[in-house]
Structure formats: structure tokens, C-alpha cells
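Visitor: Residue numbers (this note's numbering): 530 to 861.
Heads up, the beta-carbon is just placed ideally off N, CA and C, and yes, glycines get one too.
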Ligand code: TRP
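1) Taking only runs that begin and end inside the segment 538 to 619, name each unbroken alpha helix (DSSP H) of 4 or more residues, in chain order.
2) Give the straight-line distance between the Cα atoms of residue 597 and residue 850, rounded to the nearest whole angstrom.
3) Got a sec: does the ligand TRP put a non-hydrogen atom nearer than 6 Å to the Cβ of residue 521?
4) Verify the contact flag: residue 707, CB atom, against every heavy atom of the ligand TRP, threshold strictly below 6 Å.
5) Leaving out five residues before and five after residue 844 in sequence, what residues of the same chain have Cβ atoms less than 7 Å from its Cβ?
6) Taking the beta strand (DSSP E) that residue 710 belongs to, which residues open and close that run?
7) What is the rounded straight-line gap between the Cα of residue 626 and the Cα of residue 696?
8) State whether the segment 640 to 655 contacts the segment 673 to 687, with contact taken as three or more CB pairs (one from each stretch) at a distance under 8 Å.
9) Does the structure place the segment 740 to 757 close enough to the segment 776 to 784 that three or more beta carbon pairs sit under 8 Å?
10) What residue range is occupied by the uninterrupted beta strand (DSSP E) comprising residue 760?
11) Please tell me whether residue 603 and residue 831 are closer than 7 Å, where the distance is taken between their beta carbons.
12) Is the distance from the Cβ of residue 567 to the Cβ of residue 557 below 7 Å?
13) Do three or more CB pairs link the segment 819 to 827 to the segment 787 to 799 at distances below 8 Å?
14) May I ask which residues mark the beginning and end of the beta strand (DSSP E) holding residue 857?
15) Give the DSSP-derived three-state secondary structure of residue 772 in the structure shown.
16) Taking Cβ to Cβ, would you say residue 506 is nearer than 7 Å to residue 726?
17) Going by the CB atoms, is the gap between residue 688 and residue 639 shorter than 7 Å?
18) Quick one: grab the DSSP three-state call for residue 669.
19) Cβ of residue 793 versus every heavy atom of the ligand TRP: is any distance shorter than 6 Å?
20) Taking DSSP as the reference, what is the three-state secondary structure of residue 898?
21) Going by CA-CA distance only, name the one from 816, 794 and 807 that's closest to residue 801.
22) Compute the minimum distance between the beta carbon of residue 546 and the heavy atoms of the ligand TRP, and state whether it is under 6 Å.
23) Is the Cβ-Cβ distance between residue 682 and residue 733 less than 7 Å?
24) Among all the DSSP beta bridges, which residues are the ones paired with residue 809?
25) On the DSSP bridge assignment, give the partners of residue 628 in chain order.
26) For residue 860 and residue 847, I'd like the C-alpha separation in whole angstroms.
27) Given this structure, state the Cα-to-Cα distance separating residue 554 from residue 758, to the nearest angstrom.
So, in C-alpha cells, the structure goes:
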């Protein structure tokens, strides 16, 4: 009996770790494809989702605490100040669905304001991040039914097994700004489908503002953002047998006024050659790899975008310095 059980357990462990290493191999293959393709085309680019490996995620956590990076603390203050009004306007919410589950501090503020909430469904690509968040939130909110969903929230097509009832979506951190306007519209349309008719959606959106405030938020004095950015090249070295000299590339953030967005690049500081998975890529001095966009919206610009995607603006809140906005929408 005991040996039966231990062999069953051992088998279980083997298949779990086999599944995990298969997933890891698939992730590396996807990263390899994206990097080889992105470095082969002009202008060069690598999709931003690859910034968030374990090191990148830890560095991003640090960014959220940097003095110049106002979005996280401003959004948290807005939730703290207006949570009760948001909850009252959203009505009797049964299920909270979070897209790209952010810091559990922001989520906790919302959960506390939503009396009568039954279930919380965080959707995130990072399984370990979800496991941590689930543990923390279950401990903090006894009785709350936490059902994590592993996956890319832009590609989630159904909330399998999620309870029916009134749903509120939550998309924080101005992550919607990392999508182009077309992608944001598609995301909002899909979210309307997922959450259902009559549901509500709370979205944190960074506002357009003076470049004196905006640019340092994406290039802080301490160099945390630069380290986060350059970690992408270090990740290529670690995972794809690359030989990027990270001292010969610089993190660059600029504002594209016509497109209303911050653009993030890695810029070559010299003419140089880099090898990745046995292939050679030549860089001219000043040549850039694009890694991220962060779109900024006025309150009315975002409301117009939401309306084109089937959402009615209910109310928007901003801080006294007009740095950040929280939008409550209802599906039409
Ligand atoms: N969602 C964050 C934002 O747009 C992401 C971010 C902050 C970011 N700082 C960055 C992405 C620096 C790349 C590089 O504000």
C-alpha cells in the first residue's frame, strides 16, 4: 500500500515536471523565433512580453517603487480614495476578473470595497506569479473563491468554469497603453464578450502630460528602468546563446507626439556585431531595437475608444495633478 502510494506520487511528480519542461521548451522556442525574426527585419523590434522573465518581473516591481514612476502609486491612491464609489456604481458584483493580474495591493483595495464578492479570477501568463497572488489573496480575504486562469489575456476566449452572475473586469497599470489603438479596441471588444452584457469594467489609463514628468518616468535617475530594459538582451544571452555586450547598448525612451505614446528602444552605442543562436547581426552606431510602446490618453480620447468597442463610460476619476485616470465602463 505504502509503496503503491509512493510510486503513484513519484509518477505524478514525473509527469508534472515533464509537462513543465515541455512548456519551458515551447517558451524558449517562441522566444527564439521572435528574437531571430525581430532582429532580421527593419526597423528591428522584439515584442515587449519577453521583458518579463523572472529577472524582468522583479525589476518591474522595483520600477513601480521608483520616485519618477508615478503611475502605480497614483492609481493605488485613486482606488483607495474612490473604491466605495466604484463599488456602488458597479452594483452587486459577484465575480471580479483581473486581466494581467497586477500587484495584489491594488486588487485587495478593490476586493475590500466590493462587499458580497464571491469569486476572483486573475488571468496571467505567469503561472508562478498567479500561484503567489492566489495564496496571498486567499489568506487576506477568507471565503473568497480564487480561480486563477493561466494564459495571455489578449487571447482568452472564455472563462471556463467561472461562476455566472454580475461580473466586473479590472485592467490596471495602464497596461492597455502598451497596446496600439487597434489592439486596444480588439481587446475591449473581446473583454465585452468574456464579461457579458451588463457587466462593468474598471481600467487604469495613463494621461497625456508634460514631458518633464513623462520622460523621467521611463528613464529614472537610479537606472532601474534601464536595467529592466537591458535585461532583455541579457535574457537573449542566457536563453539563446547570445553574446550581446550590454554595456554597448543603451535604454532609450522618447515621446512620439503624433502617436501620443512613449516608445522604448535599445540603442547600439557603437558599430558592432552580435551573435544569437549561431546567427550574426550587424548594428550601426545609433541603430535601435524597438521593445515597447506606452500610449497616453486624455479622458475623452479613452472614452471615445471604449465606445467604439461597445462600452459606455459610467464615470472617470483623476488625481489632483492629472497624472492618471481610472475609467468605469458598462457593456452596452
Ligand atoms: N505598463 C507599463 C507602462 O507603460 C510598462 C512599463 C513601465 C515599461 N516602464 C517601462 C515597459 C519601461 C518597458 C520599459 O507604464
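Guide: Per the coordinate set shown:
1) For the segment 538 to 619, whole alpha helix (DSSP H) runs of length 4 or above, ordered along the chain, are 583 to 592 and 600 to 619.
2) Whole-angstrom Cα-Cα distance: 14 Å.
3) Lying outside 530 to 861, the shown extent of the chain, residue 521 is not represented and no answer is given.
4) yes
5) Result list for residue 844: 618 and 857, in chain order.
6) Counting along the chain, residue 710 falls outside any beta strand (DSSP E), though it belongs to the alpha helix (DSSP H) covering 710 to 724.
7) 7 Å
8) yes
9) A contact is defined here as three or more CB-CB pairs under 8 Å, and the segment 776 to 784 meets this definition with respect to the segment 740 to 757.
10) Residue 760: not part of any beta strand (DSSP E); member of the alpha helix (DSSP H) spanning 753 to 768, first to last residue.
11) no
12) In this structure, residue 567 sits away from residue 557, with a CB-CB distance that is not shorter than 7 Å.
13) In short, these stretches touch, since the Cβ pair count reaches three.
14) First-last of the beta strand (DSSP E) with residue 857: 853 to 860.
15) coil
16) Since the first residue shown for the chain is 530 and the last is 861, residue 506 is missing from the structure and cannot be characterised.
17) no
18) Three-state DSSP puts residue 669 in a helix.
19) yes
20) Nothing about residue 898 can be reported from this structure: the residues present for the chain run from 530 to 861 only.
21) 816
22) No, Cβ of residue 546 sits at least 6 Å from all heavy atoms of the ligand TRP.
23) no
24) 804
25) BP columns for residue 628 point to 652.
26) 22 Å
27) 24 Å
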